[in-house]
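S.K.:
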Amino acid sequence: MERAKTPADPEQPTGETNLENELWQTDSGERKKGVKELVVQLLADERPLPVKQVFLRLNTGSNPPSYQAVHKAISAMHAQGVLARSAMGYELNPKWLKSLSEFANAASSPAEPKPGRDVQLIL
Numbered sequence: 006m007e008r009a010k011t012p013a014d015p016e017q018p019t020g021e022t023n024l025e026n027e028l029w030q031t032d033s034g035e036r037k038k039g040v041k042e043l044v045v046q047l048l049a050d051e052r053p054l055p056v057k058q059v060f061l062r063l064n065t066g067s068n069p070p071s072y073q074a075v076h077k078a079i080s081a082m083h084a085q086g087v088l089a090r091s092a093m094g095y096e097l098n099p100k101w102l103k104s105l106s107e108f109a110n111a112a113s114s115p116a117e118p119k120p121g122r123d124v125q126l127i128l
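In terms of our numbering, the sequence shown has 34 at position 29, counting the first letter as 1, and numbering is strictly consecutive.
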């Protein structure tokens, strides 16, 4: 009796894409953007938008994402606090944008030595 393949089996296609680790290469060697990245870029320009409008605006080009992929990405980003939902649709969460800005500022500022720690150079 042959065992049934589970979705965890690498030989069994699940029909879903792991959006967290999605990196594609184009013919020119450039990285194609994942669905989440496309959604963030779209909602940075146009907001708020319902899921269907996000899908329709992303449904251009030679390899558009499926409605399921767009819906899954939006649901995951909403659960993670990246997107906020309003009566008009989804938009970038202002709290997430503020934390992203603070992170970028901290990462771009020079590192300061921690108090109480002396560093000695050994030559």
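Virtual Cβ for every residue (Gly too), placed ideally from N, Cα, C.
Quick caveat: nothing in here was measured; it's all calculated off a predicted structure.
Could you say if the stretch 57–76 and the stretch 98–111 meet the contact criterion of at least three C-beta pairs nearer than 8 Å?
M.R.: Flag = no, the stretch 57–76 and the stretch 98–111 do not touch.
S.K.: Could you check if Met82 is buried or exposed, using at least 16 other CB atoms within 10 Å of its CB as the buried criterion?
M.R.: Stepping through the sequence shown from its first residue, residue 82 is reached at position 77. Burial call: buried.
S.K.: If we count Cβ pairs, one from each stretch, closer than 8 Å, do we get three or more for the stretch 111–118 versus the stretch 73–87?
M.R.: With a cut-off of 8 Å, the stretch 73–87 and the stretch 111–118 do not count as touching, because too few Cβ pairs lie within range.
S.K.: Spatial neighbours of Leu61 within its chain, please: CB distance less than 7 Å, with the 5 preceding and 5 following residues excluded, ordered by chain position.
M.R.: Numbered from its first residue, the sequence shown carries residue 61 at position 56. Within the same chain, Leu61 has no close Cβ partners at all.
S.K.: Quick check on the DSSP output: the alpha helix (DSSP H) that includes Ala89 runs from which residue to which?
M.R.: Stepping through the sequence shown from its first residue, residue 89 is reached at position 84. Counting along the chain, Ala89 falls outside any alpha helix (DSSP H), though it belongs to the beta strand (DSSP E) covering Leu88 to Ser91.
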